[in-house]
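The block underneath contains the structure these notes are about, expressed in structure tokens.
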Amino acid sequence: MSHTLIAIDIEWFMPLEEFRQRMDDFTDMMKSRALRPGFTEVLIPGEQEARRVARKTVVGIPLENAVLDDLRALGTELGVGAEITVVGPWEDDTL
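The sequence shown begins at 55 in this note's numbering and counts up by one.
Structure (structure tokens):
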């Protein structure tokens, strides 16, 4: 497996605001298309991940009970308090 990452300075090709407007227009066009059977929306690359980040920023990161127990034990071992608030259950981690 290999990966290639390329960084492009858009302003070499067009003004940045024009590029942003074109991307907004393209996104609007893609999202306005008819949905395939069984789908509820069109997602653009990175949109699902951005939703997860936004949700976890508000409600926290889900951890297994075993991980919580390990964190509490480590806090005790190191002599630091561990204030861990448990929220949940996490019914759906897709958002």
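All C-beta atoms, glycine included, are put in the ideal place defined by N, C-alpha and C.
Next item on the list: Flag this pair as touching only if the stretch 96 to 106 and the stretch 75 to 86 have three or more C-beta atom pairs under 8 Å; answer yes or no.
Entry: These segments touch.
Notebook entry, point to check: Can you tell me the Cα-Cα spacing of Trp66 and Arg74, whole angstroms?
Noted result: Here residue 66 corresponds to residue number 12 of the sequence shown, with the count starting at 1. Here residue 74 corresponds to residue number 20 of the sequence shown, with the count starting at 1. Cα to Cα, Trp66 sits roughly 14 Å from Arg74.
Checklist line | Coarse secondary structure for Asp63, derived from DSSP in three states | finding: The residue labelled residue 63 in the question sits at position 9 within the sequence shown. Three-state DSSP puts Asp63 in coil, outside helix and strand.
Item checked: Helix, strand or coil at Leu73 according to DSSP, with G and I counted as helix -> Within the sequence shown, residue 73 is the residue found at index 19, counting from 1. Per the sequence shown, the amino acid found at residue 73 is Phe instead of Leu. In the displayed model, Phe73 falls within a helix according to three-state DSSP.
Notebook entry, point to check: Using DSSP with H/G/I as helix, E/B as strand and the rest coil, what is Phe93?
Noted result: To locate residue 93, count along the sequence shown from 1; it is residue 39. Phe93 falls in the coil class under three-state DSSP.
Notebook entry, point to check: Using the C-alpha atoms, what's the distance from Arg126 back to Ala136?
Noted result: For the purposes of this step, residue 136 is taken as residue 82 along the sequence shown, with counting starting at 1. For the purposes of this step, residue 126 is taken as residue 72 along the sequence shown, with counting starting at 1. For Ala136 and Arg126, the distance between alpha carbons rounds to 6 Å.
Checklist line | Contact set for Leu122: own chain, Cβ-Cβ below 8 Å, skip 5 residues either direction | finding: For the purposes of this step, residue 122 is identified with residue 68 of the sequence shown, where counting begins at 1. Taken in chain order, the residues that qualify are Ile138, Val140.
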